[in-house]
Amino acid sequence: MAITWSEMMSVGVPVLDEDHKTLVGLINLLQHSIGDREEYVAVYSVLGALEEYCEHHFIREEKMMEASRCPQLDQHQRTHEGFAETVRTMKLRYEQDQTSVRARDCLTFLNNWLVNHICTTDMNYRAWLIGHAGAQAVGETMSISGQRPDGGPVDWRTLRVLMVDDNLNFCEILQAILKSVGISSVAVAHNLADGKVALMGQQIDLLISDWHVGPESGLDLVKWLRQCPPPLGGLPVLMLSGHERMINRDLALLAGADEFMEKPISARSLLICLSRLAAKPR
Ligand code: FEO
62 MAITWSEMMS VGVPVLDEDH KTLVGLINLL QHSIGDREEY VAVYSVLGAL
112 EEYCEHHFIR EEKMMEASRC PQLDQHQRTH EGFAETVRTM KLRYEQDQTS
162 VRARDCLTFL NNWLVNHICT TDMNYRAWLI GHAGAQAVGE TMSISGQRPD
212 GGPVDWRTLR VLMVDDNLNF CEILQAILKS VGISSVAVAH NLADGKVALM
262 GQQIDLLISD WHVGPESGLD LVKWLRQCPP PLGGLPVLML SGHERMINRD
312 LALLAGADEF MEKPISARSL LICLSRLAAK PR
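Each residue of the sequence shown is one higher than the one before, counting from 62 in our numbering.
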């Protein structure tokens, strides 16, 4: 059964509550993926999103605890390290054998974390963080950034992404990965017509399209886009495909895509790829 966020889970600090809601979203994704034919894709994507989550949320929370001189910081950090280590181990096991880590295993681990850490341990810093202006400032201004190829930062918070994919579960997974680093503006279209409407009517900085969008081809969307006048015609495009064929990469690039990735995608490679695309001159 899906978990619904409730005020009982709130630590009283909006920016941290938002991070925790991301984790609840990942738990629900795993729940939906059990028994799905693409369960293994969901597991790998969620593990990748968790790695990003550890990097961003834990640092934010620890910096806020430090700013408020919360005495539980050291112990709390060790708990975070333990979680991050378990995620790394599960991901490694998965990479060695896809069948060795199932959605149910991850769910048990994450549900325990939700109950024993977020709803218990995290609550202990409330007294220090709530109303502490310095800590709030640290948490809210902490840069959520990627790295441009030129070394400069990419501010994920300002990036507006459109995903065109008919697989609802995969759209949710991608949204969760993007959300885990702070990209909150993610529009979704499940067919080419809706994708074109979104591209023409909304402010979009980057397009992610699947190879197959129902019976339609994402290639046709990219070809159409490249015929549009600038700036729309120069929009950075990432094409995804579930088929491991080298020719798909060539065809995608030939149609006008800037980048190509095969599923299952790792959150880290996706974000590196998006950093390159965000830095692309238009
Ligand atoms: Fe919100 Fe301590 O993790």
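Beta carbons are placed, not taken as given, at the ideal position from N, Cα and C, and that holds for glycine.
This structure is a prediction, so every number in the text was calculated from the model and none was measured.
- Around the C-beta of L171, 16 or more other C-beta atoms lie within 10 Å, and the residue is accordingly described as buried.
- In the three-state reduction of the DSSP assignment, D158 falls in the coil class.
- Going by DSSP, S336 is part of the alpha helix (DSSP H) stretching over A328 to A339.
- Residue pairing from DSSP places R221 in a beta bridge opposite S246.
- Within a 10 Å sphere around the beta-carbon of G317 sit 16 or more other beta-carbons, which makes this residue buried.
- Linking L134 to H81 through their CA atoms gives a straight-line distance of about 18 Å.
- With fewer than 16 other CB atoms across the displayed protein chains lying within 10 angstroms of its CB, W66 is exposed.
- With contacts defined as CB atoms closer than 8 Å, V274 and V222 fail to qualify as a contacting pair.
- Cβ atoms of H117 and V247 stay farther apart than 8 Å, at about 16 Å.
- Ordered along the chain, residues surrounding the ligand FEO are L77, D80, H81, H118, F119, E122, H137, T140, H141, H178, I179, T182 and D183 [Cβ under 7 Å from any heavy atom].
- T181 and R165 have their alpha carbons spaced roughly 23 Å apart.
- According to the DSSP secondary-structure assignment, E277 is paired through a beta bridge with V274.
- Secondary structure note for L253: its alpha helix (DSSP H) is the uninterrupted segment L253 to G262.
- In the DSSP annotation of this structure, the continuous segment of the beta strand (DSSP E) that includes L299 starts and ends at V298 to S302.
- Within the stretch 124-198, the complete alpha helix (DSSP H) segments of 4 residues or longer fall at 134-157, 164-174 and 187-190, listed in chain order.
- Only exposed fits G294, as fewer than 16 other CB atoms lie within 10 angstroms of its CB.
- Around the CB of T83, 16 or more other CB atoms lie within 10 Å, so the residue is classed as buried.
- The beta carbons of E323 and R337 sit about 17 Å from each other, so the pair does not count as a contact at 8 Å.
- DSSP places E100 in the uninterrupted alpha helix (DSSP H) bounded by E100 to Y114.
- By the neighbour-count definition (other C-beta atoms within 10 Å, threshold 16), G109 is a buried residue.
- Between V76 and N185, the alpha-carbon positions lie close to 17 Å from each other.
- Cβ neighbours of A196 within its own chain (closer than 6 Å, five residues either side excluded): M125, A128, S129 and L190.
- R139 and C131 have their C-alpha atoms spaced approximately 15 Å apart.
- As the crow flies, the alpha-carbon of Q159 is around 7 Å from that of Y101.
- DSSP, read as helix, strand or coil, puts I265 in coil.
- The C-alpha of Y105 is placed about 8 Å away from the C-alpha of I326.
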